[in-house]
Every structure is written in structure tokens, then in C-alpha cells.
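Take a look at the structure set out below.
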Amino acid sequence: PSVTAKARVRTVDPQADPVTRLFRVRLGLIDHPEAMRLGATVTGRLQLEGGAGISIPASALTSTDRQPAVWVVDPQSLTVALRNVEVQRFDPATAVISSGLEPGDVVVTAGVQALHPGQKVRLLGATS
2 PSVTAKARVR
12 TVDPQADPVT
22 RLFRVRLGLI
32 DHPEAMRLGA
42 TVTGRLQLEG
52 GAGISIPASA
62 LTSTDRQPAV
72 WVVDPQSLTV
82 ALRNVEVQRF
92 DPATAVISSG
102 LEPGDVVVTA
112 GVQALHPGQK
122 VRLLGATS
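To get this note's numbering, take the position in the sequence shown, counting from 1, and add 1.
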């Protein structure tokens with residue numbers, strides 16, 4: 002390309018488009034060049050920073066106050082609580098969470114839009 006610029010991610014929609022399974026990402030240009038005009042079609046390339054995270058199915062993501070969140074199951078009471086998370090990266094199948102989850106946390110991966118805080122759930126494969 003004849004004109005290049007760097008950008009930072011401003012926001013990531015917490016929910017994928019139900020048809021395309023793509024997420025809308027909004028970027029903010031850093032010191033954009035004069036030749037780059039508002040509304041121009043651009044091609045982007047994503048450079049990810051390294052670092053560990055916790056991988057979860059993308060279907061586990063929901064939102065609260067327009068921020069990404071997941072439902073976490075309390076193993077004792079089998080009730081759910083909504084927890085804010087930071088998404089490090091994602092694709093249509095997987096989200097990598099950089100903060101908000103701990104190893105061993107059990108997250109809900111289906112029906113996340115129908116839950117409410119304190120709701121009892123049944124773990125798939127659990128007996129009783």
C-alpha cells in the first residue's frame with residue numbers, strides 16, 4: 002500500500018453477528034497520514050501481543066453495560082454470576098480471555114442470553 006498507518010483497538014463488540022459469526026471491531030488511528038481520508042476503504046493487518054490467556058468457546062461471551070462478560074458457575078451452589086472479562090483475541094469459535102477468569106472457572110457456553118444472576122443450572126454430563 003502507498004499509505005500506511007497504525008491503529009489501536011477502541012472497542013470490540015462482545016457478540017458476534019449471528020449470520021457471519023464476525024465481531025465488529027472499532028479502531029482509532031494513531032497519527033494518521035494526511036493522505037488517508039475519512040471514509041476511505043482500507044485493508045488492515047492485525048499484530049497480536051503475546052501473553053497467556055484462558056481460551057473459552059466464543060459462544061460463552063455475552064455483555065453487561067456494553068462490556069464483554071461471561072456467566073461463571075459456582076461449583077457448590079450450581080448458580081451463575083455474571084463476570085466482566087477482557088478479551089485478548091478471538092475468532093468465530095474461540096475467545097482468549099486476558100483477565101476476569103481464573104483457571105478452573107466453569108463458564109456457561111450455551112443459552113447465555115437467557116440467564117439471570119443466581120439462577121440454578123445443571124452441568125452437562127453431571128449426575129444427580
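The beta-carbon is built from N, C-alpha and C at its ideal position, and this holds for glycine as well.
Computed from a prediction, not measured in an experiment: that's the story for all the values here.
Cβ pair Lys-121, Thr-80 closer than 9 Å: A distance below 9 Å separates the beta carbons of Lys-121 and Thr-80.
message: For the pair the stretch 15 to 24 and the stretch 82 to 93, tell me if three or more CB-CB distances fall below 8 Å.
response: yes
- request: Determine the DSSP secondary structure at Ser-78, reduced to helix, strand or coil.
  value: Three-state result, Ser-78: coil.
- request: List the endpoints of the continuous beta strand (DSSP E) containing Lys-7.
  value: 7 to 13
Beta carbon of Pro-118 nearer than 9 Å to that of Gln-68: For Pro-118 and Gln-68, no; Cβs fall outside 9 Å.
query: Do Pro-34 and Ala-17 have their C-beta atoms closer together than 9 Å?
result: no
message: Cutting at 7 Å between CB atoms, please list the residues of its own chain near Pro-76, excluding the five before and the five after it.
response: So the qualifying residues of the chain are Val-107.
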